[in-house]
Every structure is written in C-alpha cells, then in structure tokens.
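Q:
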Amino acid sequence: MNNYETVFILNPVLSDVQIEETVKKFEDFLIKNDAKMVSKENWGLKKLAYPIQNKKSGFYHLFEFKAPGEVVAPYEQEFRRDERVMRFLTVKLDKHAIEWAEKRRTRLKSKA
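Written as structure tokens, this is what we have:
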C-alpha cells in the first residue's frame with residue numbers, strides 16, 4: 877500500500893448537491909478498490925491562475941489515501957471520463973511528504 881494525494885478541480889457552475897455527488901463518487905471508487913482514506917479536504921471555490929475550459933474559478937478538493945499501486949490508473953481514468961472535473965493531479969507521497977501532510981492536518985485541526 878502506497879500513500880497518494882489527489883487534488884482535483886470541479887467546474888464552478890455545479891450546484892452543492894452535484895459537487896457532493898462527484899466527491900462521493902470518487903471516494904466510493906477508492907473504498908471499493910481497497911483504498912483507505914487518510915484525509916479529505918474541501919478547499920472551496922478558488923480563482924484559477926489561468927482559464928481552464930473558459931472558466932476562471934473552480935472548486936478544489938484534496939484526497940489523501942493509501943492504496944495499492946494498480947488502483948491509481950483506473951482511478952485517474954474515472955477523472956478523465958467525468959465532465960464535471962476540469963483538472964486533477966495524483967502524486968505518490970514519499971516519507972517527507974507524508975510527514976508534511978501530517979503536520980498540515982494537525983495544524984488545520986488546531987485551527988478548527
């Protein structure tokens with residue numbers, strides 16, 4: 877099991893219900909494929925650095941999860957098939973990135 881982090885940007889014209897459905901769809905896909913969710917963050921609506929699909933903003937979400945390596949390719953294929961997703965990036969976390977992510981999570985919890 878490797879540690880991964882995915883950030884994806886959803887279309888800004890989606891309703892709250894559609895956003896929740898989309899996030900749930902990708903979370904369920906991971907769980908169904910023996911992945912364990914470490915954390916899930918909704919970063920909200922943010923302005924993009926440059927237009928994507930003629931949109932200037934998007935809803936950002938971050939998933940941190942542990943999964944076998946063979947799950948990532950079909951997971952990313954699901955992102956490509958979903959027209960609500962404007963961009964996504966999945967990275968494998970090394971030991972330093974895992975430490976940094978844990979520190980970030982504890983910082984976020986202490987602020988809440």
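When the letters of the sequence shown are read in order and numbered with my numbering, they come out as residues 877 to 988. The beta-carbon is built from N, C-alpha and C at its ideal position, and this holds for glycine as well. Computed from a predicted structure; not experimentally measured.
Note down, in chain order, each residue of its chain lying with its Cβ closer than 8 Å to the Cβ of D942, except the 5 sequence neighbours on either side.
A: Correcting the residue identity first, residue 942 is Lys in this sequence and not Asp. Correct list, in chain order: M877, N878, N879, Y880, A911, K912, V914.
Q: What separation, rounded to the nearest whole angstrom, lies between the Cα atoms of H937 and F884?
A: Spanning the two alpha carbons is a distance of roughly 5 Å.
Q: Considering V899, what are the terminal residues of the alpha helix (DSSP H) in which it resides?
A: Looking at the DSSP string, the run of the alpha helix (DSSP H) that includes V899 is 892-908.
Q: Is it true that the segment 955-963 meets the segment 885-892, where meeting means three or more beta-carbon pairs spaced less than 8 Å apart?
A: Yes: at least three Cβ pairs fall under 8 Å.
Q: Return helix, strand or coil for E959, following the three-state DSSP convention.
A: Correct three-state label for E959: coil.
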